[in-house]
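K.L.:
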Amino acid sequence: MYIKSSLPDKIGYYYLFRKVSSLNEDNLKHLVAVVGAGPAGLFAARELSSADVHPVLFNRDIKPGGLAEYGIYPEKHKMKEVLRIQFRQILEMECVEYFGNVLIGNHGDICLDQLRQLGFQAILISAGAQGTKWLGLPGENLKGVYHAKDLVYHYNRLPPYSQQKFEIGRRVAVVGVGNVMTDIARYLIEVMHVDDVTAIARRGPGEIKFDRKELEHVVANLDLKGVDEEIERAAPLMWSLGQDPNYPKTFIHAVYDKAAPTGSKTHMTMRFLLSPTRILGDENGRVRALEVEENTLIREAGEIKARGTGRRRVIDMDTVIFAIGDGVDENLGLPVEQFEFIKNPNPRFPIEDVSYEAFDPVAEEPIDGVFVAGWARRASTGLVGIARKDGVNVARAILQYLQTREELQESPLPGIKEFMRNLGKPVITKQDLRRLEIVEQERAQQLGLEEFKFSTNEEMLAVIRQPL
Ligand SMILES: Cc1cc2nc3c(=O)[nH]c(=O)nc-3n(C[C@H](O)[C@H](O)[C@H](O)COP(=O)(O)OP(=O)(O)OC[C@H]3O[C@@H](n4cnc5c(N)ncnc54)[C@H](O)[C@@H]3O)c2cc1C
Ligand SMILES: NC(=O)c1ccc[n+]([C@@H]2O[C@H](COP(=O)([O-])OP(=O)(O)OC[C@H]3O[C@@H](n4cnc5c(N)ncnc54)[C@H](OP(=O)(O)O)[C@@H]3O)[C@@H](O)[C@H]2O)c1
């Protein structure tokens, strides 16, 4: 089958008269299910395929890329496009199969046991950290309380979050001081033009986690005097713990000195040593304030930890967004502890001293043939490069495991394809993705946009179904 495109751009160039490959089943030795086609799953698939192993990717979303597509800030066009090119190259590989719009898990389209029955010899869970982490505070169900990941998915146009209504008010508290906080603040400043953004840290200025590059996007709106006062307030405590308050101060000032204007009047500040304890609502069930407890810091086992002082105060807010990281999806069918899948503490196939093996704490043994990588191994940790490395390493662990398994005598692939055709919902193939990319690229050109993205599954499926 050949796909013809009239596009003179990079997508058109890639796919112009390119043969649409099907899985080469002749030299298939092992078959591995890869659950999740984000950076970890895609780079694992590439590594596996270089060793006569056929990876079959199952992805919840129609499009691949995970948070690289639907998490990285939308304006980072160059970075996102470079990643998309790498992902396309992986999907172009003959022995990499892709089934999109397929949810794996206990309440999904296919559960882990069914994957085993379909003939996969190993299963890699690289589904990211899809569970939202909440603090369990009174008032979390009020209107105007959100989890950062849901909002991030929304503004990156991932269905169905793209269609969800977010009632962002004028005064927004963002809990957490990592890079997700800066992305959320950027959106609130650049797009929503809210009056006030307050980033709330449970620990001190010495524990800020955002990077210089990410702070750059919001620093022009930062109330520098207010931040300096907060650092001064924390200074005696920091000195007592051997921390130099001048370090975070100099860091923030250095970024501020190079600030580019955002064109928005939003006032942004940071408050340290505060833990949310309660969200207060008005008579309409909407957030009106955030109650926080003041913290002190202690050093315990070499780590700086926040400890509540019992003193509470109330800050007027109409929106609260938690940017405190995510947990893994408990419905995937693997045991979870502390927001993460449990890993084999004594791995049979460690790579660089890391365990990639899923573990059953009740049976006290590894779950045979099931591996975890990327944010599914360590929730909300690291950049794309880290997920990529984890994908490569887990593939090495899986290859060692497969040496303990017999090679396949007969390919289960025809049966798997038949099963997917009869799943009772549209299953997206590599050909479908190409078609979608071409149409989105055409639409971007017509509209004079840097990129165009359909924001519902219905629109994407309609395009995919259209005859060429
Ligand atoms: C807001 C935000 C901004 C970021 N910005 C940057 C940045 O600028 N630069 C950078 O380097 N890193 C950035 N990161 C980090 C980067 O996105 C992650 O490191 C990386 O995407 C993690 O890759 P992953 O493959 O482990 O998981 P993910 O990227 O989350 O991919 C998971 C994949 O699994 C699929 N999936 C989920 N559940 C299932 C299921 N049950 N069945 C089947 N498929 C499933 C999803 O559809 C998805 O495709 C950002 C992260 C966030 C949250
Ligand atoms: N542009 C980028 O490059 C980019 C953008 C977004 C994300 N990322 C990456 O994605 C990963 C995840 O980012 P992230 O911002 O979600 O995580 P993060 O960097 O770990 O920051 C999480 C923040 O939430 C706070 N927090 C966690 N649990 C809390 C609790 N129970 N109560 C109060 N506060 C709590 C943390 O405070 P403590 O420190 O006290 O725990 C920290 O300030 C990081 O590796 C990040 O670099 C990168």
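In terms of our numbering, the numbers along the sequence shown are unbroken and rise by one, the last being 614. By construction, the Cβ of each residue, glycine as well, lies at the ideal position given by its N, Cα and C atoms.
#1: Is D403 close to chain B? Criterion is C-beta to C-beta, closer than 9 Å.
#2: Per DSSP, D462 forms a beta bridge with which residues?
#3: Cβ of N325 versus every heavy atom of ligand 1: is any distance shorter than 8 Å?
#4: Looking at R523 and A186, is the spacing between their C-beta atoms short of 9 Å?
#5: Give me whichever residues DSSP pairs with G277 in a beta bridge.
#6: Confirm the yes/no value for this check: CB of I461, any heavy atom of ligand 1, distance under 8 Å.
#7: According to DSSP, N205 sits in a beta bridge with which residue or residues?
#8: Please confirm whether any heavy atom of ligand 2 lies closer than 8 Å to the CB of P422.
#9: Cβ atoms of A366 and A406: under 9 Å apart, would you say?
#10: Could you give the DSSP three-state label for F397: helix, strand or coil?
#11: Identify the continuous alpha helix (DSSP H) that holds Y299 and give its terminal residues.
#12: Where does G570 fall in DSSP's three states?
#13: Using 9 Å as the threshold, is the C-beta distance between L420 and E439 below it?
#14: Three Cβ pairs or more, each shorter than 8 Å: is that satisfied between the segment 503–523 and the segment 315–333?
#15: So, is R551 buried or exposed, given that buried needs 16 or more other C-beta atoms within 10 angstroms?
#16: For L426, report the span of its beta strand (DSSP E) as first-last.
#17: Given a threshold of 16 other Cβ atoms within 10 Å of its Cβ, counted over all protein chains shown, does N252 qualify as buried or as exposed?
#18: Does the Cβ of D475 have 16 or more other Cβ atoms within 10 Å, making it buried, or fewer, making it exposed?
#19: Let me know the beta strand (DSSP E) ranges lying completely inside the segment 503–546, each 3 residues or longer, listed in chain order.
#20: How is the beta strand (DSSP E) around V364 delimited, first residue to last?
#21: Assuming Y301 and P220 are in contact, meaning their beta carbons sit under 8 Å apart, how far apart are those beta carbons, in whole angstroms?
#22: Span of the alpha helix (DSSP H) holding M338?
#23: Could you name the residues of the same chain whose beta carbon sits closer than 8 Å to that of R453, not counting the 5 residues immediately before and after it, in chain order?
#24: Contact between the segment 293–313 and the segment 457–469 is defined here as three or more beta-carbon pairs at a separation below 8 Å; is this criterion met?
#25: How about D514: is its Cβ closer than 8 Å to a heavy atom in ligand 2?
#26: In whole angstroms, give me the CA-to-CA distance for M606 and L582.
#27: What does a CB cutoff of less than 6 Å around Q389 pick up in its chain, not counting 5 residues either side in sequence?
#28: In or out: K311 buried (at least 16 other Cβ within 10 Å) or exposed?
#29: With hydrogens ignored, establish whether the beta-carbon of L213 is closer than 8 Å to any heavy atom of ligand 1.
#30: On a Cα-Cα basis, can you pick out the residue from A504, K395, G409, L387 that is closest to E449?
#31: Take L213 and list the residues in its own chain whose beta-carbon comes closer than 7 Å to its own, dropping the five residues that flank it on each side.
P.N.:
Reading from the atomic positions:
#1: In the structure shown, chain B cannot be found, because there is only a single protein chain.
#2: Per DSSP, A435.
#3: Residue side-chain check: N325 places its Cβ nearer than 8 Å to a non-hydrogen atom of ligand 1.
#4: In this structure, R523 lies closer than 9 Å to A186 by Cβ.
#5: Partner(s): G473.
#6: Every heavy atom of ligand 1 is 8 Å or more from the Cβ of I461, so no.
#7: In the DSSP assignment, N205 is bridged to G246.
#8: True, at least one ligand heavy atom lies under 8 Å from that Cβ.
#9: Going by C-beta atoms, A406 is nearer than 9 Å to A366.
#10: Here F397 sits in helix by DSSP.
#11: First-last of the alpha helix (DSSP H) with Y299: 294–301.
#12: G570 falls in the coil class under three-state DSSP.
#13: It is a contact, given that the beta carbons lie within the stated cut-off.
#14: Not touching, per the Cβ criterion.
#15: It counts as exposed.
#16: DSSP places L426 inside the beta strand (DSSP E), whose first and last residues are 420–427.
#17: Burial check for N252: the Cβ neighbour count within 10 Å stays below 16, so the residue is exposed.
#18: Taking a 10 Å sphere around the C-beta of D475, we find 16 or more other C-beta atoms and assign the residue as buried.
#19: Listed in chain order, they are 503–506, 511–518.
#20: Segment: none, V364 is in no beta strand (DSSP E) and carries neither H nor E.
#21: Contact between Y301 and P220 holds, since their C-beta atoms are separated by about 6 Å, short of 8 Å.
#22: No alpha helix (DSSP H) contains M338, which DSSP labels as neither H nor E.
#23: Once the five neighbours on either side are set aside, the close Cβ partners of R453 are N441, T442, L443, I444.
#24: At 8 Å Cβ cutoff, the stretches touch.
#25: For ligand 2, not one heavy atom lies less than 8 Å from the Cβ of D514.
#26: Approximately 7 Å, taken between the alpha carbons.
#27: Correct list, in chain order: G352.
#28: By the 16-neighbour rule on beta-carbons within 10 angstroms, K311 is exposed.
#29: L213 Cβ: within cutoff of ligand 1.
#30: Answer by Cα proximity: L387.
#31: Result list for L213: G184, G274, in chain order.
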